[in-house]
Amino acid sequence: MKEDFHRKISIQGSQQFSQINLKEPIRHAAGKLGVKEALRHGFKEMGIVRSMRALLEMNQEDGFDCPSCAWPNPENPSPIAEYCENGAKALADEATTDHIGRDFFATHSVEELSQLTDYQLNKFGRLTEPLVLRPGEIHYKPIAWQDAYDLISKNLRDLESPDEAIFYTSGRSSNEAAYLYGMFARAFGTNNMPDCSNMYHE
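Just so you know, we're using our numbering here: the sequence shown kicks off at 887 and counts up by one.
Structure follows, in structure tokens:
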């Protein structure tokens, strides 16, 4: 690898604005239109059967919490639709059946992907396997799970101090996953655990 190799990456990505329409705000609850839009997003991303099953279980005692809202937990919750339209859209986005694998990354370089908006990148779908970006390369390549763990382990062991490590997490992580991740970071010897709220809001 050449020492002067630099990837031509856009740090901020694209700032495109498209299909923006300004109109008078709606002065009443979304009602049937909100239900229609929620189902449209769900059916498109998850399919009809998966959408109905998931929406019936969201924010229910024996189900799961909405992935992106602070909907209150009433003493006597409704047996169905205990969430808002945006909650249904967030669920559809998280549970999409779209996915991308090694062929996608063999075609698209990180330089190319860095020019896209966050929305465009998200719409490609979910990852199906671990990937690694090797020094001097511009394409992510697949890596076996054990090899990925070994690579992470080696890099952590090679640090001069645990505080050189940063354990970044997503705000979409479950409480259980975040707890285990935090325990691992502390056991490693650091409290460097920023998440998206630190990065975006502070």
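Every residue, glycine too, gets a C-beta built ideally from N, C-alpha and C. The structure presented is a predicted model; accordingly, all values stated were derived computationally and were not measured.
- Within the region 1023-1055, the runs of alpha helix (DSSP H) at least 4 residues long that lie entirely inside it are, in chain order, 1031-1043.
- Taking all protein chains in view, the Cβ of methionine 932 is crowded by 16 or more other Cβ atoms within 10 Å, so the residue is classified as buried.
- Under the three-state reduction of DSSP, methionine 944 is assigned to strand.
- A Cβ-Cβ contact shorter than 9 Å links lysine 1027 with phenylalanine 991.
- The region 892-908 and the region 932-951 do not touch, with fewer than three beta-carbon pairs separated by less than 8 Å.
- For glycine 1068 and methionine 1079, the gap between their C-alpha atoms comes out near 7 Å.
- Where asparagine 972 is concerned, the enclosing alpha helix (DSSP H) starts and stops at 971-980.
- With fewer than 16 other CB atoms across the displayed protein chains lying within 10 angstroms of its CB, tyrosine 1065 is exposed.
- Burial check for histidine 985: the Cβ neighbour count within 10 Å stays below 16, so the residue is exposed.
- A contact is defined here as three or more CB-CB pairs under 8 Å, and the region 973-985 meets this definition with respect to the region 934-942.
- Taking all protein chains shown into account, histidine 927 has 16 or more neighbouring C-beta atoms within 10 Å of its C-beta and is therefore buried.
- Nearest Cα to alanine 924 within the set Gln902, Ala967 and Gln901: Ala967.
- Its chain contains Pro1016 and Val1018 as the residues whose beta carbon lies nearer than 6 Å to that of isoleucine 1029, once the 5 sequence neighbours on both sides are disregarded; these appear in chain order.
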